[in-house]
Amino acid sequence: MSSSVSIPVPIQQIKASTAPITLALVGAPNCGKTATFNVLTGSKAKVANYSGVTVDKRSAALLGHSNVNILDLPGTYSLKTASLDEEVTRKVLFGQMPGESVPDGIIFVADATNLRMSLRMLLELKSLGLPIIVALNLSDVAHSRGLVVDEAILSDELGVPFVKTVAIKRKGCEPLMRLAGELIEYISGSDKPIHFFDSDSDTHTMYQQADDILSRAVTSAQRLPKWHERLDQLTLHPVIGVVILLMILFVIFQAVYAWAAPLMDSIEWLVGSVGTLLMQWLPDGILQSLIVDGIVAGVGSVVVFVPQITLLFLFLLILEDSGYLPRAAFLLDNLLSKVGLSGRSFIPLLSGFACAVPAVMSTRTIPSHKERLMAIAVLPMLTCSARLPIYALIIAAVIPSQTVLGIFNLQGITLFILYVAGTLSAALVSWLFKRFHSAKSESSAFPLLMELPTYRMPNVKHISGELWDKVSAFLRKAGTVIFTLSVVLWVLVTFPSAPANAVGPAIDYSFAGMLGHLIEPIFAPIGFTWQMCISLIPGLAAREVVVAALGTVYAVGGVGDEAINQTLIPIIHAQWGLATAFAFLAFYVYAPMCLATLAVIRRETKSLKQTLAITGYLFVLAYTMAWIVYRITGQIFGF
Amino acid sequence: MNTWLEYLIVFIIVAISVYYVWTKILFKKSQGCSSCNKCAK
Chain A
224 MSSSVSIPVP
234 IQQIKASTAP
244 ITLALVGAPN
254 CGKTATFNVL
264 TGSKAKVANY
274 SGVTVDKRSA
284 ALLGHSNVNI
294 LDLPGTYSLK
304 TASLDEEVTR
314 KVLFGQMPGE
324 SVPDGIIFVA
334 DATNLRMSLR
344 MLLELKSLGL
354 PIIVALNLSD
364 VAHSRGLVVD
374 EAILSDELGV
384 PFVKTVAIKR
394 KGCEPLMRLA
404 GELIEYISGS
414 DKPIHFFDSD
424 SDTHTMYQQA
434 DDILSRAVTS
444 AQRLPKWHER
454 LDQLTLHPVI
464 GVVILLMILF
474 VIFQAVYAWA
484 APLMDSIEWL
494 VGSVGTLLMQ
504 WLPDGILQSL
514 IVDGIVAGVG
524 SVVVFVPQIT
534 LLFLFLLILE
544 DSGYLPRAAF
554 LLDNLLSKVG
564 LSGRSFIPLL
574 SGFACAVPAV
584 MSTRTIPSHK
594 ERLMAIAVLP
604 MLTCSARLPI
614 YALIIAAVIP
624 SQTVLGIFNL
634 QGITLFILYV
644 AGTLSAALVS
654 WLFKRFHSAK
664 SESSAFPLLM
674 ELPTYRMPNV
684 KHISGELWDK
694 VSAFLRKAGT
704 VIFTLSVVLW
714 VLVTFPSAPA
724 NAVGPAIDYS
734 FAGMLGHLIE
744 PIFAPIGFTW
754 QMCISLIPGL
764 AAREVVVAAL
774 GTVYAVGGVG
784 DEAINQTLIP
794 IIHAQWGLAT
804 AFAFLAFYVY
814 APMCLATLAV
824 IRRETKSLKQ
834 TLAITGYLFV
844 LAYTMAWIVY
854 RITGQIFGF
Chain B
477 MNTWLEYLIV
487 FIIVAISVYY
497 VWTKILFKKS
507 QGCSSCNKCA
517 K
């Protein structure tokens, strides 16, 4: 598969084979760099069918070469950069990144479906004077479109070896590894003739050169299939496109509820059975209380929601892999610009539905500082997957599972409304921010230029791998963070034990009980009980811990065996009023309660003042919205 | 089960949990995001 051009190995003294070598992985956004990185290093870094997934450099050793470091860099079309992530690539290649030496060589990942842009970039990279090998990725998609690329001609014309790859399917891995081996041998034997200079050729000249080479190396014109164009006409239509997007999201939330229900019921039954069995098996005492009330009630409350989280991630991965998501970004560019954001913010905002931490980091793709800050400020309002267990718990407890208009599930509609509420609130806050800071002028200076990937059938192997990564990460979290916090919370709700002449329940005399009663007056106006106040504290570590904390608090605080034999949903159904439950949901639409998010905001904004301002406004908003919802719902349904 | 053994097991589980919460959640050493990418999972 590899071309005839190979890297000449100079007959000079060979470097010691153990000397560290760094190879930079460079290419345009969404050309498959990270998939190639995974192939070369055996890593499992996140891969997606849209640009901007890699916003920082990451590195790992080349398989079989512990002294060779592969550096995966954010995608860029040029070394003349605009955004922070592209700046990372430029700085590394020019040796301007603190703590990072100049790479010894480059593995350039070229997009076979967009060779013109890739070759222009390659011509620019050649001016760096570093040895280069090229992985001609997405060769399968190019082939399916009737493109016949002669990599031997490309190699001859450009003087660098090419190899065809389909990184996501791990095709062409062996020739690429062989070529990488040749590159390492070459580097080991060379004295690194690095000569940095800005390319003499301007962009126009380089495009002319690229066109000239392409006319000889590519023998068939690229044509998108008809269905592709027709589908784009619909999905990118300003009205029909938005309707399609809303329908897709609506169906996803319906399916999350309808399809997950049987499996959730089974897990709930299993958790209840394990609790009962352990109660019968273990003698009454402190160990039984720790395991049943602390661990099983805490961890079990969260594990119940694994099916819903799995389904939500599955749908997002299918949308991601099919190539639909960047089209949604283009579609919303116009709408987002009206609230002071742009299509550039879409991918970070979309990532916010999974987790705010990588989403805040991915705002580095936004070149405008004001727009970036605005995106960071509104990101925590988008419903991250950690909030799903909280929503799902309260919805299951207070919203009846009935069908509306014959086909729609009422619980699914409620979940959809919560997601929409968070999104609309983010848009509203952003619009207000724009009104006061007039960020429009700066945003419009950076129009959205983004390459739309081709639609493709989602790759089952890739999706199942990514899905397993996400679900196993959630389960690991349940087994570590949630497990340990449940144990610590159990200690706080169990000790000190009630005095002999105690009149109230024992939990009232515990540390957590005292703390809960202490905080209760602050949250009483929005209907929160002291048990709910306790759950807010460990929820700072991760939002889903709120559910585990409620599980432990109610299990320990229950009367006799009543709480243990019941899972959390019926307990909340019986003890919380509708107004309280809705206020709790409203609070968590806005609550900035996640230390990891606040830490990453602090790191990305490099400003404690801005971090405190974002935290403060979100908390005030959460409290105010919960108060409004509590009052209105209370007036209608009673407190 | 002996009471002292019960208390010992509880003590070990609680001690490990407190250690984990203290070192991995509350006072986790900050690390760069250059290599692990775990947060994106």
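Chains as they are written, first to last, in this note's numbering: chain A, 224 to 862; chain B, 477 to 517. Cβ atoms here follow ideal geometry from the backbone N, Cα and C, with glycine treated the same way.
By Cβ distance below 7 Å, which residues in the same chain neighbour residue i in space, the five residues on each side in sequence not counted?
i	result
A483(A)	P530, Q531 and L534
V852(A)	F805, A806 and A809
P623(A)	L633
M344(A)	A251, Y300 and S301
T775(A)	D516, G517, A520, G521, S709, L712, W713 and V716
L831(A)	R825
What does residue i pair with, by DSSP beta-bridge criteria?
i	result
I293(A)	L246(A) and A283(A)
H288(A)	L285(A)
D334(A)	N360(A)
G328(A)	L246(A)
F631(A)	V627(A)
V441(A)	V372(A)
I355(A)	I329(A)
K394(A)	V389(A)
Tell me where the alpha helix (DSSP H) around residue i begins and ends.
i	result
I485(B)	T479 to Y496
F746(A)	F734 to F746
K593(A)	H592 to V601
H451(A)	K449 to T458
A692(A)	Going by the sequence as given, residue 692(A) is Asp instead of Ala. It spans V683 to K700 - the alpha helix (DSSP H) in which D692(A) sits, taken as one unbroken run.
M470(A)	I463 to W504
R854(A)	L831 to F860
Q798(A)	L791 to Q798
F260(A)	K256 to T264
K560(A)	The identity of residue 560(A) in the sequence shown is Ser, whereas the question assumes Lys. Taken as a continuous stretch (DSSP letters only), the alpha helix (DSSP H) holding S560(A) covers L548 to K561.
V529(A)	V529 to S545
L808(A)	L801 to Y813
S574(A)	F569 to S574
Q319(A)	Where Q319(A) is concerned, there is no enclosing alpha helix (DSSP H), given that its DSSP letter is neither H nor E.
F706(A)	F706 to T717
M755(A)	W753 to L759
E827(A)	L818 to T828
Y614(A)	L611 to V621
V726(A)	No alpha helix (DSSP H) holds V726(A); DSSP gives it neither H nor E.
S524(A)	A520 to V526
What residue range does the beta strand (DSSP E) around residue i cover?
i	result
F385(A)	F385 to K387
Exposed or buried, residue i, counting other C-beta atoms within 10 Å across all chains shown (16 or more means buried)?
i	result
F659(A)	exposed
Y813(A)	buried
A747(A)	exposed
F536(A)	buried
F420(A)	Because the pLDDT at F420(A) is just 45, under 50, the model does not fix this residue reliably, and the point stays unresolved.
E309(A)	buried
W691(A)	exposed
Looking only at its chain, what residues have a beta carbon closer than 8 Å to the beta carbon of residue i, apart from the 5 residues adjacent to it on each side?
i	result
T847(A)	none
V526(A)	I490, V494, L698 and A701
E347(A)	S301, L302, S422 and M429
Who are the Cβ neighbours of residue i in its own chain at under 6 Å, not counting the five residues just before and after it?
i	result
K238(A)	Its pLDDT being 45, under 50, K238(A) is placed unreliably in this model, and the coordinates cannot settle the point.
P571(A)	A582, S585, T586 and A598
G328(A)	L246, L353, P354, L406 and I410
D574(A)	Before going on, a small fix: residue 574(A) reads as Ser here, not Asp. So the list reads P581, A582 and S585, once near-sequence residues are dropped.
I795(A)	A620
W498(B)	none
Would you please verify whether the beta carbon of residue i is less than 8 Å from any beta carbon of chain C?
i	result
L555(A)	No chain C is present in this structure, whose protein chains are A and B.
Residues of the region 709 to 726 of chain A with Cβ closer than 9 Å to any Cβ of chain B, in chain order = Those would be S709, V710, V711, W713 and V714, in chain order.
key: Interfacial residues, the region 503 to 519 of chain A to chain B, with Cβ spacing under 7 Å   = P506, G508, I509, L510 and L513
ask   = Just by C-beta distance, which residues in the region 483 to 494 of chain B are closer than 9 Å to chain A?
value = Here the close residues are Y483, I485, V486, I489, V490, I492, S493 and V494.
query = Residues in the region 764 to 781 of chain A with C-beta within 7 Å of chain B's C-beta atoms, listed in sequence order?
reply = The region 764 to 781 of chain A vs chain B, Cβ under 7 Å: A764.
message = Against chain B, which members of the region 828 to 858 of chain A pass a CB distance test of less than 8 Å?
response = none
request  = Taking a Cβ distance cut-off of 8 Å, strictly less, list which residues of the region 295 to 318 of chain A are near chain B, in chain order.
outcome  = none
Selection of the region 682 to 708 of chain A by Cβ proximity to chain B, strictly under 8 Å = D692, K693, A696, T703, V704, F706, T707 and L708
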